[in-house]
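Asker: The structure follows.
Protein chains: 2
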Amino acid sequence: MAKHKLFNVAVVGATGAVGVQILRLLEERNFPIAELKVLSSARSAGKVIKFKGQDVIIQEAKPESFDGVEIALFSAGGDVSRELVPAAIDRGVICIDNTSAFRMDPETPLVVPEVNVDKINEHKGVIANPNCSTIQMVHALKPLYDRYGISRIIVSTYQAVSGAGVSAINEMLRQSKDILETGSTKPDILPVSSLPVKHQIAFNAIPQIDKFHESGFTYEELKMINETKKIMGDDSIEVTATCVRIPVVYGHSESVYVELKSDFDLSEVRSLLADAPGIVLQDNPAEQVYPLASESAGKNETFVGRVRRDLSNPRALNMWIVSDNLLKGAAWNAVQIAEYIAIEQE
Amino acid sequence: MAKHKLFNVAVVGATGAVGVQILRLLEERNFPIAELKVLSSARSAGKVIKFKGQDVIIQEAKPESFDGVEIALFSAGGDVSRELVPAAIDRGVICIDNTSAFRMDPETPLVVPEVNVDKINEHKGVIANPNCSTIQMVHALKPLYDRYGISRIIVSTYQAVSGAGVSAINEMLRQSKDILETGSTKPDILPVSSLPVKHQIAFNAIPQIDKFHESGFTYEELKMINETKKIMGDDSIEVTATCVRIPVVYGHSESVYVELKSDFDLSEVRSLLADAPGIVLQDNPAEQVYPLASESAGKNETFVGRVRRDLSNPRALNMWIVSDNLLKGAAWNAVQIAEYIAIEQE
Numbered sequence: 001m002a003k004h005k006l007f008n009v010a011v012v013g014a015t016g017a018v019g020v021q022i023l024r025l026l027e028e029r030n031f032p033i034a035e036l037k038v039l040s041s042a043r044s045a046g047k048v049i050k051f052k053g054q055d056v057i058i059q060e061a062k063p064e065s066f067d068g069v070e071i072a073l074f075s076a077g078g079d080v081s082r083e084l085v086p087a088a089i090d091r092g093v094i095c096i097d098n099t100s101a102f103r104m105d106p107e108t109p110l111v112v113p114e115v116n117v118d119k120i121n122e123h124k125g126v127i128a129n130p131n132c133s134t135i136q137m138v139h140a141l142k143p144l145y146d147r148y149g150i151s152r153i154i155v156s157t158y159q160a161v162s163g164a165g166v167s168a169i170n171e172m173l174r175q176s177k178d179i180l181e182t183g184s185t186k187p188d189i190l191p192v193s194s195l196p197v198k199h200q201i202a203f204n205a206i207p208q209i210d211k212f213h214e215s216g217f218t219y220e221e222l223k224m225i226n227e228t229k230k231i232m233g234d235d236s237i238e239v240t241a242t243c244v245r246i247p248v249v250y251g252h253s254e255s256v257y258v259e260l261k262s263d264f265d266l267s268e269v270r271s272l273l274a275d276a277p278g279i280v281l282q283d284n285p286a287e288q289v290y291p292l293a294s295e296s297a298g299k300n301e302t303f304v305g306r307v308r309r310d311l312s313n314p315r316a317l318n319m320w321i322v323s324d325n326l327l328k329g330a331a332w333n334a335v336q337i338a339e340y341i342a343i344e345q346e
Numbered sequence: 001m002a003k004h005k006l007f008n009v010a011v012v013g014a015t016g017a018v019g020v021q022i023l024r025l026l027e028e029r030n031f032p033i034a035e036l037k038v039l040s041s042a043r044s045a046g047k048v049i050k051f052k053g054q055d056v057i058i059q060e061a062k063p064e065s066f067d068g069v070e071i072a073l074f075s076a077g078g079d080v081s082r083e084l085v086p087a088a089i090d091r092g093v094i095c096i097d098n099t100s101a102f103r104m105d106p107e108t109p110l111v112v113p114e115v116n117v118d119k120i121n122e123h124k125g126v127i128a129n130p131n132c133s134t135i136q137m138v139h140a141l142k143p144l145y146d147r148y149g150i151s152r153i154i155v156s157t158y159q160a161v162s163g164a165g166v167s168a169i170n171e172m173l174r175q176s177k178d179i180l181e182t183g184s185t186k187p188d189i190l191p192v193s194s195l196p197v198k199h200q201i202a203f204n205a206i207p208q209i210d211k212f213h214e215s216g217f218t219y220e221e222l223k224m225i226n227e228t229k230k231i232m233g234d235d236s237i238e239v240t241a242t243c244v245r246i247p248v249v250y251g252h253s254e255s256v257y258v259e260l261k262s263d264f265d266l267s268e269v270r271s272l273l274a275d276a277p278g279i280v281l282q283d284n285p286a287e288q289v290y291p292l293a294s295e296s297a298g299k300n301e302t303f304v305g306r307v308r309r310d311l312s313n314p315r316a317l318n319m320w321i322v323s324d325n326l327l328k329g330a331a332w333n334a335v336q337i338a339e340y341i342a343i344e345q346e
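Put into structure tokens, the structure is as follows:
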């Protein structure tokens, strides 16, 4: 067997909800690593993590940190990416960025490998990982787009708190405990940590993820609208989104109504979904089988069910799409891109 | 002041989640009651409840229970209504039925007072109370229907466990406690108590409420589709629904996309909603104000927010509609109907 090329890899934001999963996946997938740099904010620098049984000391992420690095995976927030991705690119690093910093930059490929893997090679140093709620939706819709075309998507989301980070997970669990024990609680992080108004997430549904745009849509909703068009490479797709946070730890669920451009056969739709890479069709109403956030947690796949022809529009489908927002929605999609780059450079 | 007529009233299903609220509202509203009969299954018969400070003994509901009764409010399940409503009608009782037993019967008015109060007088002994998720939606959409017309509705729901009764509330709270304390739990009631497969509701989202129809829609979804057309009195409205249970105790939330038949001005839409009876407009994105299930609990109103023009279809609106499913969604709507009947017979 030929000797494989090994890469110097950096992970930025190693202690965050996504960074932890990126490191786990690099280990589990046996990613061809020569040297691993684990980078974070000054606050976490000096801490030690285990990687393949070895201690790795977390270092503060600085421009010089990227000297000698070949592939870097960023998930430390948009501000960190805006500052350090250009510095890494200057040092010849290929960056995979999990923040929104470069997603809509026309020069930056926005990639879900099952949808548009061919775009990776057009990169100018950075490939953007899409928003979690967008990834699972376009992943599930791609086989239908290719076969029938898509004219319109109307999606309402049921998003897990882990999308807002470890502190939001802890807040939701603490609030749940408070309410079970005392009947009340005090919110302090969600819906948006940087905004003044806080709302209870335990035993509730908050129709706000990210800040509001002047259109009345949130930026999370606009991400779903704009990123879907960019990833599909089709600005003619009309997309409407309502993004809602619910008290789930891992796994985003989505209620999706999609209008196709041509007639379809429902059994063919099911076959297309069942055969698509990374998609698991869980769709048997008679046995009460459909995707559940609780069962998607920890898995890399996107799960699809409740597939049914609309009763008022015969060219429309309704479906329920679930995936672990930290995995296919973030870390796994990023590691898939890294694996593609590694294979291309073999 | 003229002496008001008093009524002999029966409440059937007095120990259920809705029955308890009906009794509370009859007391709070000072409903003109001569004699109150509190009826239930044999299992609860003999228990004592308080009504206006007086002890009332729960009696087993039988056909003879309705002798001398003038108004009866039923919320003991469809089977009980199918058996006892005809017996009550035979005895001259006006029945207000909160189950699905008579809702789609062409002879039976299906009433949300703010939408079609005029239908009450067409009754043949029974007036049906619509499904909880339908009531709040048609309540909020009625002022828009009257002004602009509605061609299509696409709704995804975020429904509270109290819609499945007291046992489902207890199950969700128990499961939450189990998971917080031990990391796992065992489901035994939801999604549908009479079906074999059970799914975890705590920290999850279950896309099944009621059984499945052969179309792939659930009966809960079909109720929203069919009841909306009947209440609005317009079979041309196209409705699509996806109904989802989430871990909330009280208050259904709904993400609603609605296509209007004519152009609209967004400020006029807000005025129409703000001025509509029983509607509270909570819509100020700059201040992060929007309806929340947690704040709707215990209130009779329907709350509307996130009102925004669709970005792809200028004749479409998106909105977020929240109401306490046990109150406007059940008990309060039924008591409103009872109050209308009482006033008509003054």
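Heads up: the protein sequence lines correspond to chains W and Y, in order.
Residue numbering for the first sequence follows UniProt numbering, beginning at 1 and increasing consecutively.
Residue numbering for the second sequence follows UniProt numbering, beginning at 1 and increasing consecutively.
All residues carry an ideal CB built from backbone N, CA and C; glycine is no exception.
This structure is a prediction, so every number in the text was calculated from the model and none was measured.
(1) When burial is assigned at 16 or more other CB atoms within 10 Å of the CB, is P247 (chain W) buried or exposed?
(2) Which stretch, first to last residue, makes up the beta strand (DSSP E) that contains N116 (chain W)?
(3) Which same chain residues end up closer than 6 Å to M1 (chain W) when comparing Cβ atoms and leaving out the 5 residues on each side of it in sequence?
(4) Evaluate H199 (chain Y) with the Cβ neighbour count: other Cβ atoms within 10 Å of its Cβ, from every protein chain shown; 16 or more gives buried, anything less gives exposed.
(5) In the structure shown, what three-state DSSP assignment does residue 350 (chain W) receive?
(6) Does the Cβ of S40 (chain Y) have 16 or more other Cβ atoms within 10 Å, making it buried, or fewer, making it exposed?
(7) Do you know how far the Cα of A241 (chain Y) is from the Cα of L195 (chain Y)?
(8) With a 10 Å radius around its C-beta and 16 neighbouring C-beta atoms as the bar for buried, classify E238 (chain Y) as buried or exposed.
(9) Between which two residues does the alpha helix (DSSP H) harbouring V256 (chain W) extend?
(10) Could you tell me whether any Cβ in chain Y is nearer than 8 Å to the Cβ of P277 (chain W)?
(11) Select from W:E301, W:A10, W:Y257 the residue whose C-alpha is nearest the C-alpha of I154 (chain Y).
(12) Y290 (chain Y) touches chain W at which residues, Cβ-Cβ below 7 Å?
(13) Going by C-alpha distance, which of W:V56, W:S44, W:A42 is nearest L23 (chain W)?
(14) Is the beta carbon of S215 (chain W) sitting closer than 8 Å to the one on R308 (chain Y)?
(15) I'd like to know whether the C-beta of M1 (chain Y) is nearer than 8 Å to at least one C-beta of chain W.
(16) Can you check the segment 153-208 of chain W for any alpha helix (DSSP H) of at least 4 residues that lies completely inside it and give the ranges in chain order?
(17) Could you tell me which whole alpha helix (DSSP H) segments of length 4 or greater appear in the segment 233-321 of chain Y?
(18) Going by alpha carbons, who is nearest to I231 (chain Y) out of Y:Y145, Y:D324, Y:G68?
(19) I6 (chain W): which of W:K52, W:E64, W:G165, W:E70 sits nearest, CA to CA?
(20) Shorter than 8 Å from the beta carbon of S193 (chain Y) to some beta carbon of chain W?
(21) Which residue from Y:V12, Y:V48, Y:A42 puts its Cα closest to that of F74 (chain Y)?
(22) Spell out whether any CB of chain W is found under 8 Å from the CB atom of Y145 (chain Y).
(23) Would the beta-carbon of I96 (chain Y) fall within 8 Å of that of I135 (chain Y)?
(24) Compare the beta carbon distance of L311 (chain W) and F217 (chain Y) with 8 Å and say whether it is the shorter of the two.
(25) Using three-state DSSP, classify S81 (chain W) as helix, strand or coil.
(26) Just how far apart, CA to CA, sit A10 (chain W) and V335 (chain W)?
(27) Which runs of the alpha helix (DSSP H) fall wholly inside the UniProt domain "Semialdehyde dehydrogenase NAD-binding" (8-123) of chain Y and span at least 4 residues, in chain order?
(28) Give me the Cβ distance between residue 348 (chain Y) and E35 (chain Y), rounded to the nearest whole Å; I'm assuming they're in contact under 8 Å.
(29) Taking only beta carbons into account, state which residues of the segment 252-274 of chain W come closer than 7 Å to chain Y, listed in chain order.
(30) Would you please state the rounded distance, in angstroms, between the beta carbons of N325 (chain Y) and G251 (chain Y)? I believe it to be under 8 Å.
(31) Can you tell me whether DSSP reads S323 (chain Y) as helix, strand or coil?
(32) I want to know whether the segment 292-306 of chain Y touches the segment 201-211 of chain W - three or more CB-CB distances under 8 Å.
(33) Can the beta-carbon of E301 (chain Y) be found closer than 8 Å to that of G278 (chain Y)?
Answerer: Short version:
(1) Counting Cβ neighbours within 10 Å, P247 (chain W) comes out buried, since at least 16 surround it.
(2) No beta strand (DSSP E) contains N116 (chain W), which is instead part of the alpha helix (DSSP H) from 113-116.
(3) Residue placement at M1 (chain W) is poorly supported in this model, since its pLDDT is 47, which falls under 50; the coordinates still yield a value, given next. Contacts found: none.
(4) By the 10 Å Cβ count, H199 (chain Y) comes out buried.
(5) Absent from the structure is residue 350 (chain W), since the part of chain W shown begins at 1 and ends at 346.
(6) S40 (chain Y) is buried by the Cβ-count criterion.
(7) C-alpha separation (whole angstroms): 22 Å.
(8) With 16 or more other Cβ atoms from the protein chains shown falling within 10 Å of its own Cβ, E238 (chain Y) counts as buried.
(9) Counting along the chain, V256 (chain W) falls outside any alpha helix (DSSP H), though it belongs to the beta strand (DSSP E) covering 252-260.
(10) By this cut-off, P277 (chain W) is not an interface position.
(11) Distances from the CA of I154 (chain Y) to each of W:E301, W:A10, W:Y257 were compared; the closest alpha carbon is that of W:Y257.
(12) In chain order: P207, Q208.
(13) Check the Cα spacing between L23 (chain W) and each of W:V56, W:S44, W:A42: the tightest is with W:V56.
(14) Yes.
(15) Note that M1 (chain Y) has pLDDT 47, beneath the 50 cutoff, so the model's placement of it is unreliable and the number below is only indicative. Not an interface residue.
(16) Look at the segment 153-208 of chain W and you find these whole runs of alpha helix (DSSP H), each 4 residues long or longer: 166-182.
(17) The segment 233-321 of chain Y contains these whole alpha helix (DSSP H) runs: 266-275, 293-296.
(18) Of Y:Y145, Y:D324, Y:G68, the residue nearest in Cα terms is Y:Y145.
(19) Here residue 6 (chain W) is Leu; the residue named in the question, Ile, does not match the sequence. Checking every option, the nearest Cα to that of L6 (chain W) belongs to W:E70.
(20) Output row for S193 (chain Y): interface = no.
(21) Among Y:V12, Y:V48, Y:A42, the Cα nearest to that of F74 (chain Y) belongs to Y:V12.
(22) The beta carbon of Y145 (chain Y) sits no closer than 8 Å to any beta carbon of chain W.
(23) The answer is no: Cβ separation not under 8 Å.
(24) In contact: L311 (chain W) and F217 (chain Y) (Cβ atoms closer than 8 Å).
(25) Looking at S81 (chain W) - three-state DSSP - the assignment turns out to be helix.
(26) Answer to the nearest angstrom: the Cα atoms are 12 Å apart.
(27) Whole alpha helix (DSSP H) segments, 4+ residues: 17-28, 78-90, 113-116.
(28) This structure gives no information on residue 348 (chain Y), because the portion of chain Y shown stretches from 1 to 346.
(29) So the list reads S253, S255, Y257, given in the order they occur along the chain.
(30) Right, the Cβ-Cβ distance comes to about 7 Å (below 8 Å), so this counts as a contact.
(31) In the structure shown, S323 (chain Y) sits in a strand (DSSP, three-state: E or B).
(32) The segment 292-306 of chain Y vs the segment 201-211 of chain W: in contact.
(33) Between E301 (chain Y) and G278 (chain Y), the CB-CB gap stays under 8 Å.
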